[in-house]
Structures are given as structure tokens and as C-alpha cells.
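Single-structure report; data block below.
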Amino acid sequence: AQSVTQPDIHITVSEGASLELRCNYSYGATPYLFWYVQSPGQGLQLLLKYFSGDTLVQGIKGFEAEFKRSQSSFNLRKPSVHWSDAAEYFCAVARNSGGYQKVTFGTGTKLQVIP
Amino acid sequence: EAGVTQFPSHSVIEKGQTVTLRCDPISGHDNLYWYRRVMGKEIKFLLHFVKESKQDESGMPNNRFLAERTGGTYSTLKVQPAELEDSGVYFCASSQGARSVVQYFGPGTRLTVT
């Protein structure tokens, strides 16, 4: 069975500092990988996704993530965090199930941004 | 284009009562998913509709939960009778066709059972 681990429950960074959120997955084949963000009072918004090809993917809001097969990781990065990035971030993996995609999420990482 | 909408945004009910959550997917999306997040835990899959048919309901916790999707459009998730452990945020998502990998999520319904 597939699983997703986000080891950091809560992270605090200063505005302007760099950010890296960790994600490790367990899946037998090449996975489809995602990062979603949930801002307070909002739904889950897709930040970026990896299906194949270039292992460094760019997303919205200046985020990027790197797929490392050897480490089973898909860490999310941003070079300079803005106060509006304070939110909860979810890593997810999708696998084919009966011709459809079944998504498994991690437990989420809450990001706090301090001035 | 309107996104996925869910109603209500919050619901507070007493143990033993019934609650019905509604989800309106993006127009034209055949796939509709329900997920639940219990506080502090991961977002867990509940079930998946393809049009009006249940494709996968392996995540439904027990027979107190009943999901329907009338005419392949909106969906409802009824909890009857509600228990304390049913509290959490219920998310709905939709995607277009069978090969669609990206799911679009609604804002969620926060259910509190007291």
C-alpha cells in the first residue's frame, strides 16, 4: 500500500527566509506526486505536481519541488517566504486503481511565518 | 468557471442526530470524491463516484455513512446517527475523466459532533 510521510508537523520561518518542507512516499511504481496548500478558511489548492520528466517542477506562488527517486522524496521549496504563505501544506501520491487515480495524503505541515 | 462547492461550511450537531453534507462538483466532471480529515491526522479517502455510480467506497468507515450522487451531478453524504468520532473536516473533490489525475477540492465542511 502506498503511504506518505511528512515528518514535520509544524515549521516556523522568518519572512524572507528560505523554506523546505519534507515529504517521503512509499509506492512500488513511479508515482504521481502532488503538493497542496490549505490557507485558513480555504479549500485545498494544488501547488504543483510531478508525473514524469524533469525532476524539478515549478508551481504557483514561487514554489518548486524536486523528485528524488533514490530517496523516495518530493520536498517542497521556496527561496523566500512571504507572510501570505502561512498555511498548511499537504504532500500526496496518486496511484492507478481500477483505471482511476487513488490519492493518499500525508498528515500535513503547518507553516508559521514570523515578521 | 465555478469551483467545487460544499454546503454547509460548518455544522454542529449532537451525538445521535443526522447531518447531510452536500457537494457540487465542477460542471462536466464525472469523478467525485469524498475525503475526511480528523483533527491532526491525514486526509483520508472515503469514496469515489463515477457519474452516479460508486466506483470505490472502500474508505467509508461504517454503515452510518451513506453517500449518493443524484443524476451524476451533486452528491450528498449523510451521517446517521452521528457519533463523536465523526467530527472532522469533510472534503469533496472532482476530476474530469478516467485518466484525470488532478483533483480539484472544495473548501470542506467542518463537522462537530457534541
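Line order of the protein sequences matches chains A and B. Heads up, this note's numbering is the position in the first sequence plus 1260, with the first residue counted as 1. Heads up, this note's numbering is the position in the second sequence plus 1, with the first residue counted as 1. Every residue, glycine too, gets a C-beta built ideally from N, C-alpha and C. Predicted, not measured: the structure shown is a model, and the values here were computed from it.
Looking at the DSSP output, Lys-45(B) bridges to Arg-37(B).
Along the segment 1319-1363 of chain A, the alpha helix (DSSP H) does not occur as any fully enclosed run of 4 or more residues. When DSSP states are grouped into helix, strand and coil, Asp-1268(A) belongs to the coil group.
Beta-bridge partners of Ser-1263(A) (DSSP): Ser-1286(A). Contact between Thr-110(B) and Glu-15(B) does not hold, since their C-beta atoms are separated by about 17 Å, which reaches or exceeds 8 Å. When the alpha-carbon of Ser-1312(A) is set against those of Glu-1326(A), Glu-1280(A), Ile-1269(A) and Asn-1335(A), the nearest one is in Glu-1326(A).
In the displayed model, Gly-1276(A) falls within coil according to three-state DSSP, outside both helix and strand. Contact between Thr-1364(A) and Val-1264(A) holds: CB atoms are separated by about 6 Å, below the 8 Å threshold. Any Cβ of chain B closer than 8 Å to the Cβ of Val-1363(A) would place that residue at the interface, and such an atom is present. With its beta carbon less than 8 Å from one in chain A, Ala-99(B) belongs to the interface.
Inter-residue distance for Gly-1319(A) and Leu-1306(A) is about 9 Å (C-alpha atoms, whole angstroms). At a cut-off of 8 Å between C-beta atoms, Thr-1272(A) does not count as an interface residue with respect to chain B. Under the three-state reduction of DSSP, Gly-109(B) is assigned to coil, being neither helix nor strand. In the three-state DSSP reduction, Gly-1366(A) falls in the coil class, being neither helix nor strand. For chain A, the residues of the segment 52-74 of chain B that bring a beta carbon within less than 8 Å of one of its beta carbons are Gln-56 and Asp-57, in chain order. The beta-carbon distance between Leu-1293(A) and Lys-1338(A), rounded to whole angstroms, is 17 Å. This is too long to meet the 8 Å contact definition.
Beta-carbon to beta-carbon, Val-1341(A) and Ala-1289(A) are separated by about 33 Å, too far to satisfy the 8 Å threshold.
In the three-state reduction of the DSSP assignment, Glu-86(B) falls in the helix class. Tyr-34(B) and Ala-68(B) have their alpha carbons spaced roughly 10 Å apart.
Taking 9 Å as the Cβ-Cβ cut-off, the segment 1322-1351 of chain A approaches chain B at Phe-1350, given in chain order.
With a 10 Å radius around the Cβ and a threshold of 16 neighbouring Cβ atoms, Gly-1301(A) comes out exposed. Across the segment 1283-1305 of chain A, CB contacts with chain B closer than 9 Å involve Tyr-1292, Phe-1294, Tyr-1296, Gln-1298, Gly-1301, Gln-1302, Gly-1303, Leu-1304 and Gln-1305, in sequence order along the chain.
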